[in-house]
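Protein chains in written order, with my numbering: chain A, 1 to 631; chain B, 632 to 835; chain C, 836 to 1181. In what follows, a structure is listed as structure tokens, so that the remarks can point back to it.
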Amino acid sequence: MRDDEAWERLHLERTWGPKKGLIGWLSEVHHTAIAKRYIITAFVFFLLGGVEALLMRWQLSGPEKQVMGPDLYNQVFTMHGSTMMFLFAVPMMEGVGLYLVPLMIGTRNAAFPRLNAFGYWTYLIGGVLLYAGFLLNVGPDAGWFSYVPLAGPQYSPGKRVDIWAQMITFTELAGLAGAVNLIVTVFKHRAPGMSLNRMPLFVWAMLVKSFMVVFAMPAVMVASTCLAMDRLIGTHFFNPAEGGDALLWQHLFWFFGHPEVYIIFIPALGMLSSILAVFTRRQVFGYLPVVLSMVSIGFIGFGLWVHHMFATGLPQLGQSFFTAASLMVALPSGVQIFCWLATLWGGRLWMRLPLYWVLAFFAVFVTGGLTGVMLGTYSVDQQVHDTHFVVAHFHYVLIGGAVFPLFGGLYYWFPKMTGRMLGERLGKWNFWTFFIGFNLTFFPLHFLGMMGMPRRVYTYGVDRGWQPLNLLATAGAVIMAVSITLLLVNIFWSLKRGEVAGDDPWGADTLEWSTTSPPPSYNFLHLPTVRGRYARWTAAEDQPVVTGVRSDRKEVLVTRLLDAAPDHRAELPGPTLWPLWVALATGVFFIMCIFTPWGVVVGGVLLFITLTGWFWPRPPYKEELAPEQPS
Amino acid sequence: MSPPRRTLDVSHLPTFAFGHRDPLWWGVTGLMAIESTAFALMFASYFYIRGNFPHFPPTALPFYVKVLAAVITGVMLLSVVPIHYANRAALKGRLRGMRWGLALGSLLGFVVVALRIVEFLWIGFRWDTHAYGSIFWFIVGMHTVHTISGSLEDLLLLGVLFKGPVEEKHLVDVHTNGRYWFFVVASWLPIYVILYLDPAVLAS
Amino acid sequence: MRRLLPLLLACTGCGGLRMLDARGPHVARLRSLWDLLFLISAVVLAGVVLMMLGALLRRRGGSRAQVPEVEAHSVPPGGEGARPVDPARERRMGSAVGTAAVLTVVLLFVITVANASTGAALARLRSPDALEIQVVGHQWWWEFRVQDADPSRNLVTANELHVPVGRPVVLKLNSRDVIHSFWVPELTNKRDLIPGQQNTLELQADRPGVFKGQCYEFCGLQHAKMGFVIVAEAPEQFEAWRNQQLQPAPQPTDPVAQRGQQVFLQGPCALCHAISGTDAAASTGPNLTHVASRSTLAAGTLPFDRGHLAGWILNSQSLKPGNNMPALTLPPDDLQALLVYLESLK
Chain A
1 MRDDEAWERL HLERTWGPKK GLIGWLSEVH HTAIAKRYII TAFVFFLLGG
51 VEALLMRWQL SGPEKQVMGP DLYNQVFTMH GSTMMFLFAV PMMEGVGLYL
101 VPLMIGTRNA AFPRLNAFGY WTYLIGGVLL YAGFLLNVGP DAGWFSYVPL
151 AGPQYSPGKR VDIWAQMITF TELAGLAGAV NLIVTVFKHR APGMSLNRMP
201 LFVWAMLVKS FMVVFAMPAV MVASTCLAMD RLIGTHFFNP AEGGDALLWQ
251 HLFWFFGHPE VYIIFIPALG MLSSILAVFT RRQVFGYLPV VLSMVSIGFI
301 GFGLWVHHMF ATGLPQLGQS FFTAASLMVA LPSGVQIFCW LATLWGGRLW
351 MRLPLYWVLA FFAVFVTGGL TGVMLGTYSV DQQVHDTHFV VAHFHYVLIG
401 GAVFPLFGGL YYWFPKMTGR MLGERLGKWN FWTFFIGFNL TFFPLHFLGM
451 MGMPRRVYTY GVDRGWQPLN LLATAGAVIM AVSITLLLVN IFWSLKRGEV
501 AGDDPWGADT LEWSTTSPPP SYNFLHLPTV RGRYARWTAA EDQPVVTGVR
551 SDRKEVLVTR LLDAAPDHRA ELPGPTLWPL WVALATGVFF IMCIFTPWGV
601 VVGGVLLFIT LTGWFWPRPP YKEELAPEQP S
Chain B
632 MSPPRRTLDV SHLPTFAFGH RDPLWWGVTG LMAIESTAFA LMFASYFYIR
682 GNFPHFPPTA LPFYVKVLAA VITGVMLLSV VPIHYANRAA LKGRLRGMRW
732 GLALGSLLGF VVVALRIVEF LWIGFRWDTH AYGSIFWFIV GMHTVHTISG
782 SLEDLLLLGV LFKGPVEEKH LVDVHTNGRY WFFVVASWLP IYVILYLDPA
832 VLAS
Chain C
836 MRRLLPLLLA CTGCGGLRML DARGPHVARL RSLWDLLFLI SAVVLAGVVL
886 MMLGALLRRR GGSRAQVPEV EAHSVPPGGE GARPVDPARE RRMGSAVGTA
936 AVLTVVLLFV ITVANASTGA ALARLRSPDA LEIQVVGHQW WWEFRVQDAD
986 PSRNLVTANE LHVPVGRPVV LKLNSRDVIH SFWVPELTNK RDLIPGQQNT
1036 LELQADRPGV FKGQCYEFCG LQHAKMGFVI VAEAPEQFEA WRNQQLQPAP
1086 QPTDPVAQRG QQVFLQGPCA LCHAISGTDA AASTGPNLTH VASRSTLAAG
1136 TLPFDRGHLA GWILNSQSLK PGNNMPALTL PPDDLQALLV YLESLK
């Protein structure tokens, strides 16, 4: 390393490095640090959700089992659904995106670092609130969908549903903050030369996902606010007796709830595309069709929420329309699958663990997609709706479509995040047990649904003939649990003893692999430039680097939206506690609102105070001052 | 790693920019998109609930509330003038113009809030009277929250402009804040049309 | 293949795939659609998996050292970072992907048309002279009201419904509290019972049989134990059932049963339940006029016999926790009398 390079590194480290101690930890705003917290927290919730799943499978392994009573079971399945959707899947994808996107596009931090920190803290408050409620026996018990009137004031007295509603508000706030952050980071901070049509597919996926969050999550926030108000101050949004409407809830919820599935699934497509390119040693076939497919899934995803409501007795015309829309989404999904298959077909496969998970994705996800076509067809949906067939379907789609690629991504990016490789042998055990356990658990549920077994039942009669398949499913769940244990062992073992990865163990194409593993607090010594898709593969030997960005301040390069030509230099804020205070004020606001409407006033005042603290300028002031100053 | 031979020097580039070149502009655009979606969904809910009432509206809006709503709309539109003036001043870095614009803008914002409180006192039904009351109070209440927060934001910036030092990026902040206020005003217009100018409501 | 799987499942001691076991024209229609979808799905899945396995077997042995392939125009000049993809191969793959996309469109079109025509066929099965039955959902039991042109012949019963074979039945669905959902896999598709809204659902049984249904929309604590039974029987048997259900409950003649009736009417039972021909006319709980003619208790939770009836009356909360019937404490004699009385309500 040359002397001036070492000097530069030192300088950057001093500028970008975190503060020390507990305060330093709490005031951290760098995207890799925040993203790691997201990922770890979401993984912990994944484990908790998994334990809940095991409890349910235990209860259902035989007829009339007494592992839990109905009250606890209903809490457990509500917790499982809410945890997996709101506390695991979305934040996990958010976290992976926050970690990788700034690195992949070659910048030093996300566009709004403090917003990132705020998002994490609100998410954490939401998750802790939900589990605190559960432990105090006020765990929500009306399902992750909280249909009214069951979740309304009359049929769910107490505070259980209120806790659910406010958890939603917290996690959606976090999701929205993260989405806006990612959009702006992608739009304005890409490395010079990375025009929109040279962005890695992963970045495209995160962009599409973030746009979907922006337009989908307000729906559930509006809905959960209405529900909370119905319960707290006696509004009548969902009360048919006073002109409200029970189905209005379902419309609002699924206007969010269906895009939610794609919000979880599209980032996984990005991970999959990254892995495929590297392990087939070629570009992904059909960049443009794949991007267009993701974008059109993003659009169509908003036009099919009603297929969750085919059994509510809608007019036939509406059902036909939403059936057509639901089937339409199979086309871009299909085109993507075909492009990836072509990539496999045209490449030379490097059989490493990330690719294993991706290959399994094809079998599992396509199965779920095909049952999805069945469910999107209203005639069939009106048969299997709300049976275990649906449980099978969406676990095939969500675990197959999101968790398999996510685990592939874990094996792929773990070396970048930690500097060490995950163990290959344990990894293979982890993979095969998961694959087998998964199919054993969920494939039989298709049949159970066709036999008439409803969802969300805490038990079933001895005479129903549902025991053998349920027992099989439970056995599969145990195998999955073993698999996850192996994964945990692998992670902890590899953190200490794993093979040292180096900067780029895979010979990969995206920019995160051009910096150290794990990346330094400033991400890159020199901000990179790009001359093609697959940035590192297409880089010229003397590919220029950016100079003239100050290293004594947290300065980053802002580029133009379309062609990523350099536009101006911007300074990003550094570590601060204010996002934490604002998140806590938000916490007081919404948690107090569970008990009294005065929460709005108290929380509002606290929010104003903390936000003022957030935005109030304080030294050191920048030297670039406006031409006129107060005297 | 071989030492880089070619470089792309960006030291000559400015350190701030107005409009869509500025990341914050996009951040605020995202916020507007989120809030527009929320308002759109509230409107959809309004129409959904409206269909449940054979006699709509179940409680008529008093005449003076209709007048008041028109006045509020007028004041809202009027507030665009000082804020626009502040924006122009921000582009040129003129302190006086920004201060006057923000001060008048927030004053008009608080006038709207005061009138809104009077409206709520006169309106004759509550959020728990019926579903129409619920959605009416919800939409108007949410907009009032935006009006309050927008006006407070004006005051906050005013404080920065008086305290100093005023950095370049504060000019961008003033401009962004102004744009957000335009959004608050613009989002009031469909609310006014849908909630107050509905023929059934007007005739009631 | 179509027959094999259900058979296999039946052999392993599972109930059959009831949804495919059509016992009426509606489900028979749906079955044809299902078969088409199943066939398409199986072919597509097999195709994708075979393509994947083909690729897997074909060209392995990539490694980190392998120079990646990218578009010819983005291969770096002079660099060794990448080499160009083979344009001929890309073209072949392009036409394969294109063909697959076109096939997808065709299949989706076929499915859309098949679905719509199934919907239309189901609509055509609607008949003006269908037997109308009102179904009211309650937490956690079913109220059935068999309607007649003559309002005095409207009958009310609970949790067990008889329908005539061969005659279309139209169900008018509504709920008294939260959302429930009605499905009998062999006879119908599914429809929600929503408070403040009336939904309709048609069914028709072609052959006699006893079919289990239950609630399919999560409706609270005892969603799992909200079952019902549909008995399809010959029209004359159905008429006999209807006439018998229309009768008021017989006045007990046996002194023990008479005492049981007193217990019923003077105790808390009459606060919630109705028995026609007596003063008990409450509608909070199931109508018990002919409770002894039903095969189950507590919405399919227990078989109807004296032991279970006694257990249910004394301790319903441990049999179906959270249900709306309070636990009763009755002296043994009163209980015996009540049981005798209830059992007389054929």
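A virtual CB, placed ideally from N, CA and C, is assigned to each residue, including glycine.
Chain-ordered chain A contacts of Leu752/B [CB-CB under 8 Å]:
Going along chain A, no residue has its Cβ under 8 Å from Leu752/B, so there is no contact; the nearest lies around 17 Å.
Alpha carbon to alpha carbon, what distance is there between Gly409/A and Asp1041/C?
For Asp1041/C and Gly409/A, the gap between their C-alpha atoms comes out near 54 Å.
How about Val791/B: is its C-beta nearer than 9 Å to some C-beta of chain A?
Yes - at least one Cβ of chain A is within 9 Å of the one on Val791/B.
Residues, ordered as in the chain, of the region 181–195 of chain A that lie near chain B by beta-carbon distance below 7 Å
Those residues of the region 181–195 of chain A that come within reach of chain B (Cβ to Cβ, closer than 7 Å) are Ile183, Val184, Phe187, Lys188, Pro192.
Taking a Cβ distance cut-off of 9 Å, strictly less, list which residues of the region 520–551 of chain A are near chain B, in chain order.
Result list: His526, Leu527, Thr529, Ala540, Glu541, Asp542, Gln543, Pro544, Val545, Val546, Thr547, Gly548, Val549, Arg550.
Hey, would you say Leu826/B sits closer than 9 Å to Phe767/B, going by beta carbons?
Yes. Within cutoff.
Should Glu424/A be labelled buried (16 or more other beta-carbon atoms within 10 Å of its own) or exposed?
Exposed, by the Cβ-count rule.
Backbone secondary structure at Leu1028/C - three-state DSSP
Per DSSP, reduced to three states, the secondary structure at Leu1028/C is strand.
Hey, out of Ala1109/C, Phe1073/C, Leu960/C, whose CA is closest to Ala993/C's CA?
Minimum Cα-Cα distance from Ala993/C among the listed residues Ala1109/C, Phe1073/C, Leu960/C corresponds to Ala1109/C.
Strictly under 9 Å for the Cβ-Cβ distance: is Met351/A near chain C by that measure?
Yes, Met351/A counts as interfacial toward chain C.
So, is the C-beta of Asp386/A closer than 9 Å to a C-beta in chain C?
Cβ-Cβ to chain C under 9 Å: yes for Asp386/A.
Sort Ala720/B, Val776/B, Leu672/B by Cα distance to Val816/B and report the nearest one.
Ranking the options by Cα distance to Val816/B, first place goes to Val776/B.
At a CB distance below 9 Å, what residues from the region 779–804 of chain B approach chain A? Give them in sequence order.
For the region 779–804 of chain B, the beta-carbon criterion of a distance under 9 Å to any beta-carbon of chain A is satisfied by Ile779, Ser780, Leu783, Glu784, Leu787, Leu788, Gly790, Val791, Leu792, Phe793, Lys794, Gly795, Pro796, Val797, Glu798, Glu799, Lys800, His801, Leu802, Asp804.
Alpha carbon of Ala311/A to alpha carbon of Tyr147/A, nearest angstrom:
Between Ala311/A and Tyr147/A, the C-alpha separation is close to 14 Å.
On the three-state DSSP scale, how would you describe Ser633/B?
Low local confidence applies: a pLDDT of 49 at Ser633/B is under 50, so the model's placement there is unreliable, with the coordinate-based value given in what follows. DSSP places Ser633/B outside both helix and strand once states are collapsed to three, so it counts as coil.
Tell me the rounded alpha-carbon separation between Arg1201/C and Pro688/B.
Only positions 836 to 1181 of chain C appear in the structure, and residue 1201/C is not among them; the question remains open.
Could you tell me whether the Cβ of Asn683/B comes closer than 9 Å to any Cβ of chain A?
Taking Cβ atoms only, chain A reaches closer than 9 Å to Asn683/B, which makes this a yes.
For Thr441/A and Ala473/A, believed in contact at Cβ under 8 Å, the rounded distance
In this structure, Ala473/A and Thr441/A form a Cβ contact; the two beta carbons are roughly 5 Å apart against a cut-off of 8 Å.
Is DSSP giving Asp567/A helix, strand or coil here?
Strand.
If you draw a straight line from the C-alpha of Ser633/B to the C-alpha of Glu555/A, how long is it?
Only weak support exists for where Ser633/B lies, its pLDDT of 49 falling under 50; the value from the coordinates is given anyway. Using only the alpha carbons, I get a separation of about 25 Å.
Any beta carbon from chain B within less than 9 Å of Leu176/A's own beta carbon?
With 9 Å as the cut-off, Leu176/A counts as an interface residue toward chain B.
Secondary structure at Thr1023/C, three-state DSSP: helix, strand or coil?
Looking at Thr1023/C - three-state DSSP - the assignment turns out to be coil, as it is neither helix nor strand.
Between the region 613–627 of chain A and chain B, which residues of the former have a C-beta closer than 8 Å to a C-beta of the latter?
Taking a C-beta cut-off of 8 Å against chain B, the contacting residues of the region 613–627 of chain A are Phe615, Trp616, Pro617, Tyr621, Lys622, Glu624, Leu625, Ala626, Pro627, listed in chain order.
So, for Gly119/A: in the same chain, excluding its five sequence neighbours on each side, which residues have a beta-carbon less than 6 Å away from its beta-carbon?
Excluding five sequence positions before and after Gly119/A, the CB atoms of its chain that fall closer than 6 Å to its own CB belong to Ala174, Ala177, Gly178, given in chain order.
Chain-ordered neighbours of Asp639/A on chain C, where CB pairs are closer than 7 Å:
This structure cannot speak to residue 639/A, because chain A is shown only from 1 to 631.
Taking 9 Å as the CB-CB limit, is Leu227/A close to chain B?
So no, Leu227/A is outside the interface.
Taking 8 Å as the cut-off, is the C-beta of Gly97/A nearer than that to any heavy atom in the ligand ADP?
No copy of the ligand ADP occurs in the structure displayed, which carries no ligand at all.
Cβ of His1185/C within 9 Å of any chain A Cβ
As displayed, chain C neither begins before 836 nor continues past 1181, which places residue 1185/C out of reach and without an answer.
Name the chain C residues whose beta carbon is nearer than 7 Å to that of Thr459/A?
Those are Ala1059, listed as they occur along chain C.
Return the chain-ordered list of same chain residues with a C-beta closer than 7 Å to the C-beta of Val743/B, the five sequence neighbours on each side being excluded.
These residues qualify, in order along the chain: Ile703, Val706, Met707, Thr778.
Sequence ranges, beta strand (DSSP E) only - wholly within the region 658–704 of chain B, length at least 3:
Here no run is fully enclosed.
Through-space distance from Ala342/A to Glu52/A, alpha-carbon basis
Those two C-alpha atoms are separated by around 39 Å.
Element boundaries [beta strand (DSSP E), containing Asp1140/C]
Boundaries for Asp1140/C: no beta strand (DSSP E) harbours it, and the DSSP string shows neither H nor E there.
Please classify Met836/C as buried or exposed, where buried requires at least 16 other C-beta atoms within 10 Å of its C-beta.
With a pLDDT of 44 at Met836/C, under the threshold of 50, the modelled position of that residue is not reliable, and the figure given next carries that caveat. By the neighbour-count rule (16 or more Cβ atoms within 10 Å), Met836/C is not buried but exposed.
Neighbouring residues, chain A, relative to Tyr763/B (Cβ below 7 Å)
Residues of chain A whose Cβ lies closer than 7 Å to the Cβ of Tyr763/B are, in chain order, Gly243.
Within 9 Å (strictly less), CB to CB, does Lys1025/C reach chain A?
Using beta-carbon distances, Lys1025/C counts as an interface residue toward chain A, with a partner under 9 Å.
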